[in-house]
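S.K.: Encoded as structure tokens, here's the structure I'll be asking about.
Protein chains: 2
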Amino acid sequence: MARKKEYIEEEVIEKAMELFWRNGYEATSVRMLEKEMGINQFSIYSSFGNKKGVFIKSLACYKGKAKLELINKLQKSSDGINAIKQYFYDFIKFSRESRLNKGCLITNTVNELGEKADQEIMTEIVNFATNVKHLFIEKLELNDKKTSQVIKEQANYLMVSLQGLSVASKMFDQEQLDDFIENTFKNL
Amino acid sequence: MARKKEYIEEEVIEKAMELFWRNGYEATSVRMLEKEMGINQFSIYSSFGNKKGVFIKSLACYKGKAKLELINKLQKSSDGINAIKQYFYDFIKFSRESRLNKGCLITNTVNELGEKADQEIMTEIVNFATNVKHLFIEKLELNDKKTSQVIKEQANYLMVSLQGLSVASKMFDQEQLDDFIENTFKNL
DNA sequence: ATTAAAACTAAGCAATTGCTTAGTTATTGT
DNA sequence: ACAATAACTAAGCAATTGCTTAGTTTTAAT
Chain A
4 MARKKEYIEE EVIEKAMELF WRNGYEATSV RMLEKEMGIN QFSIYSSFGN KKGVFIKSLA
64 CYKGKAKLEL INKLQKSSDG INAIKQYFYD FIKFSRESRL NKGCLITNTV NELGEKADQE
124 IMTEIVNFAT NVKHLFIEKL ELNDKKTSQV IKEQANYLMV SLQGLSVASK MFDQEQLDDF
184 IENTFKNL
Chain B
4 MARKKEYIEE EVIEKAMELF WRNGYEATSV RMLEKEMGIN QFSIYSSFGN KKGVFIKSLA
64 CYKGKAKLEL INKLQKSSDG INAIKQYFYD FIKFSRESRL NKGCLITNTV NELGEKADQE
124 IMTEIVNFAT NVKHLFIEKL ELNDKKTSQV IKEQANYLMV SLQGLSVASK MFDQEQLDDF
184 IENTFKNL
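Protein sequences, first through last, are from chains A and B. First residue of the first sequence? That's 4 in the working numbering, and the numbers climb one at a time after it. First residue of the second sequence? That's 4 in the working numbering, and the numbers climb one at a time after it.
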């Protein structure tokens with residue numbers, strides 16, 4: 004005894020996610036979301052509560068997309084460090100839109116909101132970062148010569164490096180990014 | 004035959020710079036600037052034209068501060084790569100406010116505005132980045148075993164790494180940052 | 001067919017945005 | 001002392017922000 008939704012939440016969230024990815028959280032207005040998602044503000048608020056709600060779902064959507072296009076490949080690989088290196092190269096393609104890159108939505112959000120980020124948002128971010136780090140550790144462990152201490156250090160190294168790649172891809176050209184990746188993996 | 008300004012432009016710009024550094028460009032409103040700079044909006048607009056004008060001057064102020072507290076030390080050093088490594092550690096202190104870090108204002112701005120950044124702002128950013136890179140090259144050249152090709156590659160590597168440090172310092176703890184820096188300079 | 005519930009449209013809310021302007025006060029050369 | 005100029009105060013501008021609400025339309029169980 005009720006009307007059906009004329010949109011699929013997962014579908015409109017993907018549009019929202021793209022917008023947040025391109026513009027950041029604050030610079031994306033509810034009017035912009037309305038246009039991009041193709042639904043009225045009422046529907047946005049009724050489905051997701053508020054702007055933060057849309058963003059939280061967008062982060063989940065981003066995770067899903069990253070998993071499909073990026074993380075699953077790394078997870079399946081048994082190529083150790085080379086697989087992580089390939090992940091770095093894949094990330095650049097993943098985040099590319101036309102000539103420049105949008106970076107990583109998670110990194111963008113950390114950089115924009117920093118410590119004043121909402122608790123819910125911060126939880127999502129830390130959760131995502133932890134997953135990637137554990138995956139790096141898993142691949143580093145394929146080299147049985149490394150102690151757990153070295154693996155921990157290298158995982159931290161790789162996590163920060165990846166964030167550098169995210170920001171740098173917004174202003175550096177492919178050659179500079181290649182130089183970075185090649186040097187990053189020189190003696191791991 | 005005219006009244007004197009009741010503020011010194013360099014002084015109020017430093018306050019503005021701190022605010023932009025903490026909050027980013029968009030999230031800093033003219034009302035916030037008014038309060039922090041301690042002058043009326045009229046004075047802001049009469050001295051700096053518009054919000055972008057305040058920001059441009061803030062970027063210049065940031066450069067000056069970075070030069071004094073960070074870059075001059077590196078410039079004076081003849082310790083080659085170790086001097087650059089020290090620069091990385093110095094940067095963390097430089098950008099620290101209370102427990103967490105504000106990152107680098109230049110990196111923050113690239114990450115926030117990306118390709119849609121105003122031309123004037125972009126010029127300032129590229130100019131600053133170029134200076135730092137040339138300084139890295141200068142220090143790398145102190146090791147006469149390196150070819151110019153290797154130096155170029157390592158300079159690109161260091162530039163991206165530094166941006167990683169800027170973002171990561173906003174959410175990672177000191178131990179993780181130390182792991183990053185130590186591993187970064189293992190490759191050089 | 002009636003009715004209740006949910007999803008829609010679109011107008012409107014107070015607050016905030018970057019910026020301007022009208023009017024007052026202080027400083028200086030004459 | 002006076003007039004000219006610039007810096008001040010504070011009110012106000014249209015546009016935009018996140019969000020709500022009043023009223024209409026669609027759906028489905030009775």
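We put the beta carbon where it would ideally sit given N, CA and C, even for glycine.
Using only the alpha-carbon positions, how far apart do A:K173 and A:I95 sit?
M.R.: The residue given as residue 173 of chain A occupies position 170 in the first sequence. The residue given as residue 95 of chain A occupies position 92 in the first sequence. The straight-line gap from Cα to Cα measures roughly 10 Å.
S.K.: Quick one, which residues of the stretch 145-167 of chain A are near chain B if we go by CB-CB under 9 Å, in chain order?
M.R.: Answer set for the stretch 145-167 of chain A: K155, E156, Q157, A158, N159, Y160, L161, M162, V163, S164, L165, Q166, G167.
S.K.: Tell me the DSSP bridge mates of B:E100?
M.R.: By 1-based counting over the second sequence, the position of residue 100 of chain B is 97. According to DSSP, which records beta bridges pairwise, B:E100 is partnered with B:L103.
S.K.: For A:S169 versus A:G106, is the C-beta distance shorter than 7 Å?
M.R.: Counting from 1 along the first sequence, the entry for residue 169 of chain A is found at position 166. Counting from 1 along the first sequence, the entry for residue 106 of chain A is found at position 103. Cβ distance < 7 Å, so A:S169 and A:G106 count as in contact.
S.K.: Excluding the 5 residues preceding and the 5 following B:L73 in the sequence, name in chain order all residues of the same chain whose CB lies nearer than 8 Å to its CB.
M.R.: Position 70 of the second sequence, counting from 1, holds the residue named residue 73 of chain B. If we look at B:L73 and ignore the five residues flanking it on each side, its Cβ neighbours are Y90, D93, F94, F97.
S.K.: With H, G and I counted as helix, E and B as strand and the rest as coil, what does DSSP make of B:A86?
M.R.: Your numbering for residue 86 of chain B matches position 83 in the second sequence. Three-state result, B:A86: helix.
S.K.: Less than 7 Å between CB atoms is the rule here; does B:T31 satisfy it with respect to chain A?
M.R.: Translated into positions along the second sequence, residue 31 of chain B becomes position 28. Not an interface residue.
S.K.: Taking the CB atoms as reference points, tell me whether A:A30 and B:E29 lie closer together than 7 Å.
M.R.: Position 27 of the first sequence, counted from the start, is the residue given in the question as residue 30 of chain A. Position 26 of the second sequence, counted from the start, is the residue given in the question as residue 29 of chain B. In contact: A:A30 and B:E29 (Cβ atoms closer than 7 Å).
S.K.: Counting contacts by CB-CB distance shorter than 7 Å, is A:F183 in contact with chain B?
M.R.: Here residue 183 of chain A refers to the residue found at position 180 when the first sequence is read from its first residue. Cβ-Cβ to chain B under 7 Å: yes for A:F183.
S.K.: Please confirm whether A:G167 and B:G167 have their CB atoms less than 7 Å apart.
M.R.: Working through the first sequence from its first residue, we reach residue 167 of chain A at position 164. Working through the second sequence from its first residue, we reach residue 167 of chain B at position 164. Against a cut-off of 7 Å, the Cβ pair of B:G167 and A:G167 comes out as a contact.
S.K.: If distances are taken between C-alpha atoms only, which option among B:E127, B:A171, B:L145 comes closest to B:A63?
M.R.: Indexing the second sequence from 1 puts residue 63 of chain B at position 60. Per the Cα distances, B:E127.
S.K.: Which residue wins for smallest C-alpha separation from B:G27, given the options B:K70, B:R6, B:I184, B:F58?
M.R.: As a first step, residue 27 of chain B must be located in the second sequence, where it is residue number 24. Of B:K70, B:R6, B:I184, B:F58, the residue nearest in Cα terms is B:F58.
S.K.: Return helix, strand or coil for B:G194, following the three-state DSSP convention.
M.R.: As shown, chain B starts at 4 and ends at 191. That puts residue 194 of chain B outside it, with no answer to give.
S.K.: Give me the Cα-Cα distance between A:K55 and B:R6, rounded to the nearest whole angstrom.
M.R.: Within the first sequence, residue 55 of chain A is the residue found at index 52, counting from 1. Within the second sequence, residue 6 of chain B is the residue found at index 3, counting from 1. Approximately 49 Å between the Cα atoms of the pair.
S.K.: Run the CB neighbour count on A:Q122, radius 10 Å, all protein chains shown included, and call it buried at 16 or more, exposed below.
M.R.: Taking the first residue of the first sequence as position 1, residue 122 of chain A is located at position 119. A:Q122 should be labelled exposed.
S.K.: Would a check of beta-carbon distances place B:L103 closer than 7 Å to chain A?
M.R.: As a position in the second sequence, residue 103 of chain B is number 100, starting the count at 1. Cβ-Cβ to chain A under 7 Å: yes for B:L103.
S.K.: With 7 Å set as the bound, which would you pick, yes or no: does the beta-carbon of A:E112 sit closer than that to a beta-carbon of chain B?
M.R.: By 1-based counting over the first sequence, the position of residue 112 of chain A is 109. Strictly speaking, residue 112 of chain A in this sequence is Thr, with Glu absent from that position. No - not a single Cβ of chain B is within 7 Å of the one on A:T112.
S.K.: How many whole angstroms separate the CB atoms of B:L143 and B:I84, which I take to be in contact at a CB cut-off of 8 Å?
M.R.: The sequence position of residue 143 of chain B within the second sequence is 140, counting from 1. The sequence position of residue 84 of chain B within the second sequence is 81, counting from 1. Right, their Cβ atoms sit about 7 Å apart.
S.K.: Is the Cβ of A:K1 closer than 7 Å to any Cβ of chain B?
M.R.: Because chain A in this structure spans residues 4 to 191, residue 1 of chain A falls outside the shown range and cannot be described.
S.K.: Under 7 Å Cβ-Cβ, which residues of chain A neighbour B:V57?
M.R.: On the second sequence, position 54 is the one that residue 57 of chain B refers to. Correct list: empty, because the minimum Cβ distance to chain A is about 18 Å.
S.K.: How would you list, in chain order, the residues of chain A whose beta-carbon sits under 7 Å from the beta-carbon of B:M174?
M.R.: To locate residue 174 of chain B, count along the second sequence from 1; it is residue 171. Within 7 Å Cβ-Cβ: V113.
S.K.: Any beta carbon from chain A within less than 7 Å of B:A69's own beta carbon?
M.R.: In the second sequence, counting from the first residue as 1, residue 69 of chain B sits at position 66. Cβ-Cβ to chain A under 7 Å: no for B:A69.
S.K.: Do B:L108 and B:Y65 count as a contact pair if the criterion is CB distance below 7 Å?
M.R.: For the purposes of this step, residue 65 of chain B is identified with residue 62 of the second sequence, where counting begins at 1. For the purposes of this step, residue 108 of chain B is identified with residue 105 of the second sequence, where counting begins at 1. Cβ distance < 7 Å, so B:Y65 and B:L108 count as in contact.
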